[in-house]
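Data first, discussion second: the structure below is written as structure tokens.
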Amino acid sequence: MPIVRNVSRAVSQLLQSSACGCGVSIVPVRCIGISPRQVASDASFHSVSFSESDHPRVLITGGLGQLGVGLAKLLRKRFGKNNVILSDIRKPADHVFYSGPFIYSDILDYKNLREIVVNNRITWLFHYSALLSAVGEANVPLARAVNITGLHNVLDIAAEHNLRLFVPSTIGAFGPTSPRDPTPDLCIQRPRTIYGVSKVHAELMGEYYHYRYGLDFRCLRYPGIISADSQPGGGTTDYAVQIFHDAIKTGKFECNLKPDTRLPMMYIDDCLKATLEVMEAPAEALSMRTYNISAMSFTPEELAQEVQKHVPELQVTYNVDAVRQAIADSWPMNFDDSNARRDWGWKHDYDLPELRGFQRLKPSPSYS
Ligand SMILES: NC(=O)c1ccc[n+]([C@@H]2O[C@H](COP(=O)([O-])OP(=O)(O)OC[C@H]3O[C@@H](n4cnc5c(N)ncnc54)[C@H](O)[C@@H]3O)[C@@H](O)[C@H]2O)c1
Ligand SMILES: C[C@@H](O)[C@H](N)C(=O)O
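Residue numbers (full-length UniProt numbering): 1 to 368.
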């Protein structure tokens, strides 16, 4: 795929919007009080438990972060408001609470998660809960618990209840020994953050459950995601969201990465579109279960120049955060997503050139 580096039109666009299976079990089942998992040696099951003409019943974990509310909106449009349940451990804002079903769910509480899946007859699960790269380095034990133990809970429940499971991975699943320009789907993955390690673990565990038990696991490696109406959750690519907000609000932006740090990025609408598309793709189309997806790639300096075309008075300074810089320097510069394009027709809509005007990054009134 040609690498897109033209940042001009995208900037405009962004700125414009500102069981207890105690009996015989064939799946990995947690058995209350006896053993955590029972797996028969001939374990095998297949995940599509609803008829293809029915709408899936969806649960989104960690849904109050940068991406979950937008995903719920997209899925509700397609499957109906009441078929999509957002969940998180945080209190939702009014506009989120009143926009559709919301439920408290801590992914570390296995029984609670299972109860939600059972009571709501969930068929598709989008597992968004995570601690991102920078906050993960600041609290490794919590990141390990949420990103690894939490994933184990989700995998087991998805397997027990024949769910189709989406788990996002990231450019952060690669490390300094991976090829960086471009980074293919299959190559060395030796990340040096707990976030990256947990995401490689998620990719491998999901694929293992797929091949071992038939779990319908689907995974996309997202680039850094740019959004208008939601705050990033403490990652290395956060600067690429913050610059738009600061340009509009204060006309000043202090970047915590060096000006020439090139990273793959994607507008949120493309990210969510890809997520829905890969979940709807026929299983036969998927030659793999974990795909890179790509849209554009730019440096802070290039992005700043583009924003300055629309906000000429914007002053950009650099105050490099050593932790984030070390992480960014170990991540891909460009992502090769040719397998996604070939297998299930992935095509992004937004290059930086396509994002015209300032409206996209103007926070809506409900944004906090
Ligand atoms: N935003 C990006 O740029 C990006 C890029 C690549 C991959 N991803 C992945 O996409 C997913 C969503 O990303 P995001 O940016 O919305 O993340 P975020 O950090 O903004 O939100 C994560 C959410 O998880 C919740 N959470 C934390 N602990 C929890 C627990 N114990 N139980 C339930 N929920 C819990 C938090 O409250 C938060 O709302 C993550 O898995 C992330 O790794 C995001
Ligand atoms: C890239 C992605 O995984 C996230 N935005 C982070 O920087 O941690």
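Just so it is clear, CB atoms sit at the ideal spot from N, CA and C, and this is done for glycine as well.
- Determine the DSSP secondary structure at Pro264, reduced to helix, strand or coil. strand
- In chain order, what residues of the same chain have a beta carbon less than 7 Å from the beta carbon of Arg180, not counting five sequence neighbours either side? Pro332, Met333
- Quick one: Cα of Lys273 to Cα of Met279, how far? 10 Å
- Task: Specify the secondary structure class of Tyr104 as computed by DSSP and reduced to three states.
- Result: strand
- Task: Tell me whether Pro56 is buried or exposed, calling it buried when 16 or more other Cβ atoms sit within 10 Å of its Cβ.
- Result: buried
- Item | Cα-Cα separation, Pro184 to Phe335 | Taking the straight line joining both Cα atoms gives about 7 Å.
- Near Ile157, what residues of its chain come up, given a Cβ to Cβ distance below 8 Å and the 5 sequence neighbours on each side ignored? So the list reads Tyr110, Leu113, Arg114, Val117, Leu125, Leu163, once near-sequence residues are dropped.
- Task: Could you work out which residue in Glu301, Cys271, Asn256 is closest to Tyr291 when comparing CA atoms only?
- Result: Closest by alpha carbon: Cys271.
- Query: Can you list the beta strand (DSSP E) stretches of 3 or more residues lying completely in the region 76 to 101, in chain order?
  - Reply: 84 to 88
- Query: How long is the line joining the alpha carbons of Tyr98 and Ala228, rounded to whole angstroms?
  - Reply: 20 Å
- Message: Could you check whether Asn339 and Met265 sit closer than 8 Å to each other, using their CB atoms as the reference points?
- Response: For the 8 Å CB-CB criterion, Met265 and Asn339 do not form a contact.
- Message: Can you tell me which residues form a DSSP beta bridge with Phe126?
- Response: DSSP links Phe126 through a beta bridge to Ile60, Phe166.
- Status (buried if at least 16 other CB within 10 Å, exposed otherwise) for Asn119: exposed
- Inter-residue spacing [alpha-carbon to alpha-carbon] between Ala138 and Asp54: 43 Å
- Message: Counting C-beta neighbours from all protein chains within 10 Å, is the total for Glu284 16 or more, i.e. buried, or is it exposed?
- Response: exposed
- Task: Specify, as a first and last residue, the run of the alpha helix (DSSP H) that Gln305 falls within.
- Result: Taken as a continuous stretch (DSSP letters only), the alpha helix (DSSP H) holding Gln305 covers 300 to 310.
- Item | Buried or exposed by the 16-neighbour rule on C-beta atoms within 10 Å, applied to Leu186 | Exposed, because fewer than 16 other Cβ atoms sit within 10 Å of the Cβ of Leu186.
- Enumerated in chain order, which unbroken segments of the alpha helix (DSSP H) with a length of 4 residues or greater are wholly contained in the region 132 to 156? Counting only runs of 4 or more, we get 133 to 138, 140 to 144.
- Message: Taking the beta carbon of Tyr239 as the centre, do at least 16 other beta carbons fall within 10 Å, making it buried, or is it exposed?
- Response: buried
- Report yes if the C-beta of Ile243 is less than 7 Å from at least one heavy atom of ligand 2; otherwise report no. Checking every heavy atom of ligand 2 against the Cβ of Ile243, none is found closer than 7 Å.
- Item | Where Cys271 falls: helix, strand or coil (DSSP) | helix
- Message: Mapping the DSSP letters down to three states, classify Tyr318 as helix, strand or coil.
- Response: Strand.
- Query: Which word fits Asp94, buried or exposed, when buried means at least 16 other C-beta atoms lie within 10 angstroms of its C-beta?
  - Reply: exposed
- Task: Give me the Cα-Cα distance between Ile225 and Thr237, rounded to the nearest whole angstrom.
- Result: The straight-line gap from Cα to Cα measures roughly 8 Å.
- Task: Using the Cα positions of Val320 and Ser297, report the straight-line distance between them to the nearest angstrom.
- Result: About 20 Å.
- Message: Using only CA atoms, which one of Pro191, Pro232, Phe217 lies nearest to Asp329?
- Response: Pro191
- Excluding the five sequence neighbours on either side, which residues of its own chain have a C-beta within less than 8 Å of the C-beta of Asn108, listed in chain order? The amino acid at residue 108 is misidentified as Asn; the sequence shows Leu. Counting only Cβ-Cβ distances below 8 Å, and skipping sequence neighbours, we find Ala145, Val146, Thr149, Gly150, Asn153.
- Message: With H, G and I counted as helix, E and B as strand and the rest as coil, what does DSSP make of Gly23?
- Response: Per-residue confidence for Gly23 stands at a pLDDT of 30, beneath the threshold of 50, marking its modelled position as unreliable; no derived number is given.
- Under 8 Å by Cβ, that's how I've got Ser230 and Gly70 pegged, so tell me the actual separation to the nearest angstrom. Yes, Ser230 and Gly70 are in contact; Cβ-Cβ is about 7 Å, under 8 Å.
- Item | DSSP beta-bridge partners of Cys255 | Tyr318
- By how many angstroms is the C-alpha of Ile60 removed from the C-alpha of Gln38? Unreliable positioning characterises Gln38 in this predicted model, as indicated by a pLDDT of 44, which lies under 50. The coordinate reading is nonetheless provided below. Those two C-alpha atoms are separated by around 26 Å.
- Residues of its chain near Lys81, where Cβ-Cβ distance is below 6 Å and the 5 sequence neighbours each way are ignored: Gly100
- Query: Quick one: is Glu160 buried, meaning 16 or more other Cβ sit within 10 Å of its Cβ, or exposed?
  - Reply: buried
- Along the chain, where does the beta strand (DSSP E) that runs through Gly345 open and close? Note, Gly345: premise wrong, no beta strand (DSSP E); not H, not E.
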